[in-house]
Amino acid sequence: MKKRVLIVDNDDTIVTMIEMLLDNIGYEARGVLNGGTAIKMLETDANYDLIILDVMMPSVNGWQVMEFLKADKRLGSIPVMLMTAKADDESISKGLHDEHAADYIIKPFEMDDFIHRINKLVGQR
């Protein structure tokens with residue numbers, strides 16, 4: 027059975043690119059374009075092996091999605107890779123320590139590094 031990955035980013039190009047990449051290397055990838063849609067979807071389908079989550083999105087941002095995930099026992103154990111252009115120490119610390127993200131990758135990123143991180147996170151489940 028393929029490992030499932032949810033991609034949440036308000037940039038359609040990024041979502042499509044990551045979906046295609048993950049599908050090509052054997053994952054079942056599904057992308058949504060905002061945090062609100064991700065929350066609604068996760069309320070009915072919590073069967074994901076990894077969530078790749080943009081931090082800076084309009085309306086419901088990545089930090090708000092993280093709070094939702096932590097508050098739901100079914101979702102709290104799904105590893106989250108935060109994906110953002112925010113490279114400052116405060117944001118990284120908030121993501122990894124305060125919000126307990128499994129990983130934090132800064133855009134733009136090297137594709138090989140991105141794939142390696144995904145394989146590592148999914149392999150830990």
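Terminal number for the sequence shown in our numbering: 151, no gaps in between.
Glycine included, every Cβ here is placed at the ideal spot set by N, Cα and C.
A quick note: this is a predicted structure, and the numbers were derived from the prediction, not measured.
- In this structure, the CA atom of K112 is about 31 Å from the CA atom of K28.
- For G57, no alpha helix (DSSP H) encloses it; the enclosing beta strand (DSSP E) starts and ends at E54 to V58.
- Under the 10 Å beta carbon count, A97 is surrounded by fewer than 16 other beta carbons and is classified as exposed.
- The beta carbons of I44 and I51 sit no closer together than 8 Å.
- For M46, the uninterrupted alpha helix (DSSP H) segment begins and ends at D38 to N50.
- Taking C-beta separations shorter than 8 Å and ignoring five residues to either side along the sequence, the partners of W89 in its chain run V81, K120 and E125, following chain order.
- For P105, the closest C-alpha among the options N36, Y74, P84 and L47 is that of Y74.
- The beta carbons of M83 and N36 sit closer together than 8 Å.
- A distance below 8 Å separates the beta carbons of L147 and L76.
- Taking 8 Å as the cut-off, the beta carbon of D129 is found closer than this to the beta carbon of M107.
- With 16 or more other Cβ atoms from the protein chains shown falling within 10 Å of its own Cβ, T110 counts as buried.
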